[in-house]
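**Q** Residue numbers (my numbering), protein chains in the order written: chain E, 1 to 251; chain W, 1001 to 1251.
For every residue, glycine included, the Cβ atom is placed at its ideal position computed from N, Cα and C.
Please read through the structure below; I'll follow up with questions.
Number of protein chains: 2
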Amino acid sequence: MSNAPIVTAAAVIIGNEVLSGRTQDANIQFLATALNDTGIRLMEVRIVADDENAIIAAVNQCRQAHDYVFTTGGIGPTHDDITSATIAKAFGLDFGRNAEAEAILRAHYKPEDVTEARLRMANTPAGAELIENPVSKAPGFRVENVYVLPGVPRIMQAMFDGLKHGLAGGEPVQSVSIAAYLPEGLMAAGLSELQEQDPDVEIGSYPFARDGKLGCSIVMRHPDAARIEPIAGGVRKLMRGLGGEPLEDDA
Amino acid sequence: MSNAPIVTAAAVIIGNEVLSGRTQDANIQFLATALNDTGIRLMEVRIVADDENAIIAAVNQCRQAHDYVFTTGGIGPTHDDITSATIAKAFGLDFGRNAEAEAILRAHYKPEDVTEARLRMANTPAGAELIENPVSKAPGFRVENVYVLPGVPRIMQAMFDGLKHGLAGGEPVQSVSIAAYLPEGLMAAGLSELQEQDPDVEIGSYPFARDGKLGCSIVMRHPDAARIEPIAGGVRKLMRGLGGEPLEDDA
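Set out below in structure tokens:
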């Protein structure tokens, strides 16, 4: 177990609407959680504009640094959907009509509704493998380690749920979260000692305000739950020693 | 007006808790909207782990590419708060106790509550300018064009509201949003024509599902509202021509 490789991913969120503040992103948290469940660690996210240079730079940096890259957004039928053509440029591949994707779209729409704009959604980089879209049919695609998905959350999530079984993950990270109504400034010294006790268990401290009271959640993460337990015991003891009551968090 | 410079920004969100899916980020949309109101365009966001190399790479790439960089997260009192020391490394600056910040903390806490951990929050890169924290006192700081803020949203937002008057923005971007219960695939050709009519007005198309019906919001953005109006007129005409009713969106 403990020798399993660490498998990493990056997400590239493509969309002016997130950068303008018009839209609250809803894809990052889904991808983070779903990847973790698959044993893949989301290591970075980049949100970039619908801009060719910005997309190419982000995708090319991320695909070299990580095992997997997931992009969301910009694969629809309108003029501002430039992701697919841009991914082809990022890989130096030809870009054109994918016969399989065209067949899927033609089977889905009435003949009179097969517009040129909709057929744009059948264009992919040469050699791309399609990703099935169970909701609205227009497929995503994969080129090497880059998975190209739409931005609409319920469609993206359905497509991810279909493709995730093909991902090769490592060990899923386990986590234990314990909260107390104590200021983190008072717990800090004890937490540092616990961190030194096992540097491999990630110990995060997250202050919060609930019901007008200040508190702090301590989150411990490691692939092996047995490695977390002694640290979690130490955190409970630390909280009680400071006059707090350890509360097991859901988070 | 139209010759005002375009002023750009990047945000670097520092936090394992966002990448693990534990926390839904709440700072990006606030920064996007608040910066836009100040005439500054948020061009990219990076979410990175509490990891020195990742933070340095993101901050150094972003501060060279943009007029402003805003970081959130990792400036609290615990061992996992490494942002301040890492920003010093990114700039090649010494890192140590800031007398002004120490005075603020000592004035805020009772003498017996001034722990070593809390005094860590008074450490800054040499020469940093403090950013006032009206909520919980521990200040943020600025080094050149990089503004270092906490991750807790209500504190970050209060601090941003205080500092924003010192930012030099360009023209705020105006936007008009018009929705219709029409599939974007049918509007796509007409939208392309409108985009060619004025390539400087950004025209975005965002499909949605509401009350079980599919529709699409067309968002037009430009610093000059008078440049948007003819395109908006064209969008309304296009929607009516396809049998849809243009609805003025709030978004």
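Note the first and the last residue of the continuous beta strand (DSSP E) segment covering GLN1174 (chain W).
**A** Counting along the chain, the beta strand (DSSP E) containing GLN1174 (chain W) begins and ends at 1174 to 1180.
**Q** Give the secondary structure of VAL1135 (chain W) by DSSP, where H, G and I count as helix, E and B as strand, and everything else as coil.
**A** Of the three classes helix, strand and coil, the one that applies to VAL1135 (chain W) here is coil, per DSSP.
**Q** Counting beta carbon pairs with one atom in the region 238 to 251 of chain E and one in the region 179 to 187 of chain E, are three or more of them shorter than 8 Å?
**A** Yes: at least three Cβ pairs fall under 8 Å.
**Q** Does any CB atom of chain W fall closer than 7 Å to the CB of ASP80 (chain E)?
**A** At least one chain W Cβ lies under 7 Å of ASP80 (chain E).
**Q** Step through the CB atoms of chain W and report whether any lies within less than 7 Å of the CB of PRO252 (chain E).
**A** This structure cannot settle anything about residue 252 (chain E), because the visible part of chain E is limited to 1 through 251.
**Q** Terminal residues of the continuous beta strand (DSSP E) containing THR124 (chain E)?
**A** Start and end: 123 to 125.
**Q** Check the C-beta distance from THR1124 (chain W) over to ASN1098 (chain W) and give it rounded, since I have them as a contact under 8 Å.
**A** Contact flag correct, Cβ pair sits at about 4 Å.
**Q** Closer than 7 Å, CB to CB, is VAL1048 (chain W) near chain E or not?
**A** Interface residue, yes.
**Q** Which residues of chain E have a Cβ atom closer than 8 Å to the Cβ of ILE1203 (chain W), listed in chain order?
**A** Here the neighbours are HIS79, ASP80.
**Q** Run down chain W in chain order and give the residues with a C-beta less than 9 Å from the C-beta of THR33 (chain E).
**A** Those are SER1020, GLY1021, ARG1022, listed as they occur along chain W.
**Q** Counting only runs that start and end within the region 1179 to 1242 of chain W, where is the alpha helix (DSSP H) found for 4 or more residues in a row?
**A** Those alpha helix (DSSP H) runs which fall completely within the region 1179 to 1242 of chain W and span 4+ residues are 1184 to 1197, 1225 to 1241.
**Q** What are the boundary residues of the beta strand (DSSP E) that includes THR1008 (chain W)?
**A** Note, THR1008 (chain W): beta strand (DSSP E), 1007 to 1014.
**Q** Quick test of your reading: HIS79 (chain E) and ALA1188 (chain W), contact by CB under 8 Å. State the CB separation rounded to the nearest angstrom.
**A** Indeed, because the Cβ distance is near 7 Å, the residues count as touching under 8 Å.
**Q** Could you tell me the alpha carbon to alpha carbon distance between GLU1144 (chain W) and LYS1213 (chain W), rounded to whole angstroms?
**A** Between GLU1144 (chain W) and LYS1213 (chain W), the C-alpha separation is close to 49 Å.
**Q** Is it buried or exposed for ARG142 (chain E), if we count other Cβ within 10 angstroms and need 16 for buried?
**A** That one is buried.
**Q** Given ILE40 (chain E), which residues of its chain have a CB within under 8 Å of its CB, disregarding the five upstream and five downstream residues?
**A** VAL7, THR8, ALA9, ASP67, TYR68, LEU167, GLY169, GLY170, listed in sequence order.
**Q** Give me, in chain order, the residues of the same chain whose beta-carbon lies closer than 6 Å to that of ALA117 (chain E); leave out the 5 immediate sequence neighbours on both sides.
**A** Hits under 6 Å: PRO77.
**Q** For GLY1096 (chain W), report the span of its beta strand (DSSP E) as first-last.
**A** Here the beta strand (DSSP E) through GLY1096 (chain W) covers 1095 to 1097.
**Q** Less than 7 Å between CB atoms is the rule here; does LEU194 (chain E) satisfy it with respect to chain C?
**A** As a matter of chain content, chain C is missing from the structure shown, whose protein chains are E and W.
**Q** For GLN29 (chain E), is the classification buried or exposed, using 16 other Cβ atoms within 10 angstroms of its Cβ as the cut-off for buried?
**A** It counts as buried.
**Q** Please give me, in chain order, every unbroken run of the alpha helix (DSSP H) with length at least 4 that falls completely inside the region 1040 to 1071 of chain W.
**A** Qualifying alpha helix (DSSP H) stretches, in chain order: 1052 to 1065.
**Q** Cβ atoms of MET220 (chain E) and VAL152 (chain E): under 7 Å apart, would you say?
**A** Against a cut-off of 7 Å, the Cβ pair of MET220 (chain E) and VAL152 (chain E) comes out as no contact.
**Q** Would the region 1127 to 1142 of chain W count as touching the region 1200 to 1217 of chain W if we require 3 or more Cβ pairs under 8 Å?
**A** Not touching, per the Cβ criterion.
**Q** By Cβ distance, which residues of its chain are closer than 7 Å to VAL135 (chain E), with the 5 residues on each side in sequence left out?
**A** Result list for VAL135 (chain E): ARG154, ILE155, ALA158, in chain order.
**Q** CB GLY1234 (chain W) to CB LEU1186 (chain W), shorter than 7 Å?
**A** For GLY1234 (chain W) and LEU1186 (chain W), no; Cβs fall outside 7 Å.
**Q** When we look at the beta-carbon of ARG1210 (chain W) and count the other beta-carbons within 10 Å, is it buried (16 or more) or exposed?
**A** Exposed: under 16 other Cβ atoms inside 10 Å.
**Q** Who are the Cβ neighbours of GLN56 (chain E) in its own chain at under 8 Å, not counting the five residues just before and after it?
**A** Reading off the sequence shown, one finds Ile at residue 56 (chain E), where the question assumed Gln. Taken in chain order, the residues that qualify are THR86, LYS89, ALA90.
**Q** For ILE131 (chain E), which residues in the same chain have their Cβ closer than 8 Å to its Cβ, ignoring the five residues on either side in sequence?
**A** Contacts found: PRO139, GLY140, PHE141, ARG142, TYR147, VAL148, LEU149, MET159, GLY162, LEU163.
**Q** Please classify ASP113 (chain E) as buried or exposed, where buried requires at least 16 neighbouring CB atoms within 10 angstroms.
**A** Flag for ASP113 (chain E) reads exposed.
**Q** What's the C-alpha gap between ILE75 (chain E) and ALA103 (chain E)?
**A** One C-alpha to the other measures close to 17 Å.
**Q** Taking GLY73 (chain E) and ILE13 (chain E) to be in contact with their CB atoms under 8 Å, please state how far apart those CB atoms are, rounded to whole angstroms.
**A** Contact flag correct, Cβ pair sits at about 6 Å.
**Q** Determine the extent of the alpha helix (DSSP H) in which LEU1035 (chain W) is found, giving its start and end residues.
**A** Counting along the chain, the alpha helix (DSSP H) containing LEU1035 (chain W) begins and ends at 1028 to 1037.
**Q** Compare the Cα-Cα distances from ASP51 (chain E) to each of W:GLU1044, W:ALA1054, W:GLU1052, W:ALA1049 and report the closest residue.
**A** When only C-alpha atoms are compared, the closest one is W:GLU1044.
**Q** Here's the rule: buried if 16 or more other CB atoms are within 10 angstroms of the residue's CB, otherwise exposed. What is ASN27 (chain E)?
**A** When all chains shown are included, ASN27 (chain E) counts as buried.
**Q** Apart from the five residues on each side of it in sequence, which residues of its chain come closer than 6 Å, Cβ to Cβ, to GLU1184 (chain W)?
**A** Closer than 6 Å at Cβ, skipping near neighbours: SER1205, PRO1207, CYS1216.
**Q** What residue range does the beta strand (DSSP E) around GLN119 (chain E) cover?
**A** The question names Gln, yet the displayed sequence has Leu at residue 119 (chain E). First-last for LEU119 (chain E): 116 to 119, but that is the alpha helix (DSSP H), not the beta strand (DSSP E).
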